[in-house]
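If you count the first sequence from 1, position 142 lands on 142 in my numbering, and the numbers rise without skipping. Where is the CB? At the ideal position from N, CA and C, for every residue including glycine. Below: one structure, written as structure tokens.
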Amino acid sequence: MFLLLFYDYVKEKQEERKKRSKEEKEKEKEEKAEIKEKYGYAIIDGHREAVGNFTVEPPGLFLGRGDHPKAGMVKARIYPEQVTLNLGEKATVPPCPVEGHNWGEIVHNHEVTWVASWRENINNQNKYVLFSAQSSVRGKSDRSKFETARRLKKFVKKIRKDYESSLKEKDDFLCQRATAMWVIDHLALRVGNDKGKDQADTVGCCSLRKEHVKLHKPRSIEFDFLGKDSMRYHNTVEVPEVIFKNFQRFHKGKKKGEQLFDKLNPAQLNAHLQTLMKGLTAKVFRTYNASQTMQQELLKLSVEESKKMSVEERILFFNRSSVQVAVLCNHQRSVSKTHSVQMEKLDKQIEDTKTLIKEMKDHLARLKAGKTPKERGKDENGEDLKAFSTNPDTVQKRIDALEDKIRKILIKKEEKDNLKEVSTSTSKVNYIDPRVSLAWCIKHDVPIQKIFSKTMRTKFAWAIHDVQANNNYEF
DNA sequence: ACCCTGACTTAGCATCGACCAG
DNA sequence: CTGGTCGATGCTAAGTCAGGGT
Numbered sequence: 001m002f003l004l005l006f007y008d009y010v011k012e013k014q015e016e017r018k019k020r021s022k023e024e025k026e027k028e029k030e031e032k033a034e035i036k037e038k039y040g041y042a043i044i045d046g047h048r049e050a051v052g053n054f055t056v057e058p059p060g061l062f063l064g065r066g067d068h069p070k071a072g073m074v075k076a077r078i079y080p081e082q083v084t085l086n087l088g089e090k091a092t093v094p095p096c097p098v099e100g101h102n103w104g105e106i107v108h109n110h111e112v113t114w115v116a117s118w119r120e121n122i123n124n125q126n127k128y129v130l131f132s133a134q135s136s137v138r139g140k141s142d143r144s145k146f147e148t149a150r151r152l153k154k155f156v157k158k159i160r161k162d163y164e165s166s167l168k169e170k171d172d173f174l175c176q177r178a179t180a181m182w183v184i185d186h187l188a189l190r191v192g193n194d195k196g197k198d199q200a201d202t203v204g205c206c207s208l209r210k211e212h213v214k215l216h217k218p219r220s221i222e223f224d225f226l227g228k229d230s231m232r233y234h235n236t237v238e239v240p241e242v243i244f245k246n247f248q249r250f251h252k253g254k255k256k257g258e259q260l261f262d263k264l265n266p267a268q269l270n271a272h273l274q275t276l277m278k279g280l281t282a283k284v285f286r287t288y289n290a291s292q293t294m295q296q297e298l299l300k301l302s303v304e305e306s307k308k309m310s311v312e313e314r315i316l317f318f319n320r321s322s323v324q325v326a327v328l329c330n331h332q333r334s335v336s337k338t339h340s341v342q343m344e345k346l347d348k349q350i351e352d353t354k355t356l357i358k359e360m361k362d363h364l365a366r367l368k369a370g371k372t373p374k375e376r377g378k379d380e381n382g383e384d385l386k387a388f389s390t391n392p393d394t395v396q397k398r399i400d401a402l403e404d405k406i407r408k409i410l411i412k413k414e415e416k417d418n419l420k421e422v423s424t425s426t427s428k429v430n431y432i433d434p435r436v437s438l439a440w441c442i443k444h445d446v447p448i449q450k451i452f453s454k455t456m457r458t459k460f461a462w463a464i465h466d467v468q469a470n471n472n473y474e475f
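Structure representation (structure tokens):
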């Protein structure tokens, strides 16, 4: 009863919002901008920088992703007394905007980047007001992330040698560690920390369980599990014999529910990675792998070839390259509600074009036979359709062009359908070194706004600067 | 060694809004 | 001008990983 009422209430509110007039929307937008101007910035080291989330999260029903044990719990309202502010010693404390209330603690912590924090009641975790992705603080750490991944490129030979030499270890821990490194290096899986019973059951490399892999002789492994955000990772990979044997070994004698890498945990794996390269952790492999893949894909287009292509065709090539990365990282999206409608529209375009071709072929046959052309009839609006040319060559050319059009629509349709579940934005924002993309734009004469939106260009200001200094940038 | 927690990065979905065809 | 489409942006959940405590 309560749920139904709540659902109706929310739906009603949504409908109300949709119905707002232009003026109301305009006014709301202005008010929002005013609030952002007032609360959306903080001064750090003398620079005024935007903070990403300057409001606390409103109360509501927690949903979570996938099969979450806490779905439906009430997320409580946050009051100013629960909010800690992290300010400079000399900074004036901003007045509390909620009448009759006051801030909780005021701290002066120089070791962290958050300006405010509070604790949330669902998972009892801290939430933070952090500088936005476009701020220079975040830009600096973004850059250093990619620099670490670039260092991995130099160390990767040595690291592969290290784990390859341990793949046949008798010691379970060493063998599991080496095998996990192989998996993280080759399949770009997340490390997979242990999770509590009060969270959705999702896994990464170290937390893979017996039921998540199927072994197909002679040496294929079928991975099928729910990863971060309960996204399904389903991939059958042909692996080297030693890897296959190791998986057989970790599989053997275990029951459903038992971890394959039962002697290994992420902390141990990361500790070992640190000994091979300072600053190396499991997640660096994803960044490295993504950036490296993008660079390799982009290199497949030579300047000579791209000179013959239109800018649109070059962008298409770029987008197809980023799809490779998204597939590698298993970045997915749910199929759009209008996907099937879009598909049908393309089908109709094809059908209409086919009908037209047929009509033109008849017309051409009549021309060649010396018969008088048929009347073409009327379109759906009752207008007379334009008569076909009486020149057979012109008609034939038109038919050829239409057949080409069909081929293009078919390709477009297939591409659209293939990519309906692939999301390229996540890898673009988090994994691909933006300097790789920017250097490619310069090399192939593609305006950068074609590949990076305004916010992305601000976020990657550091990268634009880097590439201006070195437009032959190599990851 | 292991567990817990704080801080930060990574993630997909909902909504917004710019642009385009009709 | 309008309604539909799709990329951009907002939101916050869900990961990673280090450091401290036991």
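In terms of DSSP beta bridges, what is residue i paired with?
{"i": "residue 131", "result": "51"}
{"i": "residue 333", "result": "Bridge partners of residue 333: none, in fact."}
{"i": "residue 174", "result": "BP columns for residue 174 are empty, so no partner."}
{"i": "residue 75", "result": "60"}
{"i": "residue 226", "result": "232"}
{"i": "residue 85", "result": "106, 116"}
{"i": "residue 209", "result": "259"}
{"i": "residue 221", "result": "215, 237"}
{"i": "residue 126", "result": "119"}
Does DSSP put residue i in a helix, in a strand, or in coil?
{"i": "residue 60", "result": "strand"}
{"i": "residue 41", "result": "strand"}
{"i": "residue 216", "result": "strand"}
{"i": "residue 430", "result": "helix"}
{"i": "residue 260", "result": "coil"}
{"i": "residue 418", "result": "helix"}
{"i": "residue 246", "result": "helix"}
{"i": "residue 392", "result": "helix"}
{"i": "residue 355", "result": "helix"}
{"i": "residue 201", "result": "coil"}
{"i": "residue 466", "result": "helix"}
{"i": "residue 189", "result": "coil"}
{"i": "residue 473", "result": "coil"}
{"i": "residue 96", "result": "coil"}
{"i": "residue 322", "result": "helix"}
{"i": "residue 439", "result": "helix"}
{"i": "residue 338", "result": "coil"}
{"i": "residue 372", "result": "coil"}
May I ask you to check if the CB of residue i is nearer than 6 Å to at least one heavy atom of the ligand SAH?
{"i": "residue 270", "result": "No copy of the ligand SAH appears in this structure; indeed no ligand is present at all."}
Using the Cα positions of residue i and residue j, report the straight-line distance between them to the nearest angstrom.
{"i": "residue 178", "j": "residue 200", "result": "28 Å"}
{"i": "residue 215", "j": "residue 222", "result": "6 Å"}
{"i": "residue 185", "j": "residue 409", "result": "38 Å"}
{"i": "residue 35", "j": "residue 420", "result": "37 Å"}
{"i": "residue 135", "j": "residue 44", "result": "10 Å"}
{"i": "residue 309", "j": "residue 315", "result": "10 Å"}
{"i": "residue 362", "j": "residue 348", "result": "21 Å"}
{"i": "residue 180", "j": "residue 267", "result": "13 Å"}
{"i": "residue 329", "j": "residue 64", "result": "22 Å"}
{"i": "residue 290", "j": "residue 144", "result": "16 Å"}
{"i": "residue 26", "j": "residue 455", "result": "22 Å"}
{"i": "residue 472", "j": "residue 296", "result": "15 Å"}
{"i": "residue 188", "j": "residue 286", "result": "5 Å"}
{"i": "residue 93", "j": "residue 106", "result": "8 Å"}
{"i": "residue 360", "j": "residue 413", "result": "25 Å"}
{"i": "residue 58", "j": "residue 79", "result": "10 Å"}
For residue i, which residues in the same chain have their Cβ closer than 6 Å to its Cβ, ignoring the five residues on either side in sequence?
{"i": "residue 250", "result": "260"}
{"i": "residue 459", "result": "133, 134"}
{"i": "residue 120", "result": "127"}
{"i": "residue 172", "result": "263"}
By the DSSP assignment, the beta strand (DSSP E) with residue i in it spans what residues?
{"i": "residue 238", "result": "232–238"}
Here's a check: name, in chain order, each residue in its chain whose Cβ is nearer than 7 Å to the Cβ of residue i, leaving out the five neighbours to either side.
{"i": "residue 512", "result": "Absent from the structure is residue 512, since the part of the chain shown begins at 1 and ends at 475."}
{"i": "residue 113", "result": "130, 131, 137"}
{"i": "residue 198", "result": "69, 70"}
{"i": "residue 212", "result": "203, 223, 224, 225"}
{"i": "residue 443", "result": "303"}
{"i": "residue 423", "result": "326, 331, 332, 333"}
{"i": "residue 428", "result": "322"}
CB-CB under 8 Å to residue i, same chain, minus the five flanking residues each way: which ones, in chain order?
{"i": "residue 356", "result": "402"}
{"i": "residue 155", "result": "276, 277, 280"}
{"i": "residue 405", "result": "353"}
{"i": "residue 108", "result": "86, 87, 88, 89"}
In the DSSP assignment, find the unbroken alpha helix (DSSP H) run with residue i in it and report its ends.
{"i": "residue 139", "result": "136–166"}
{"i": "residue 309", "result": "Where residue 309 is concerned, there is no enclosing alpha helix (DSSP H), given that its DSSP letter is neither H nor E."}
{"i": "residue 454", "result": "454–459"}
{"i": "residue 274", "result": "266–276"}
{"i": "residue 284", "result": "282–299"}
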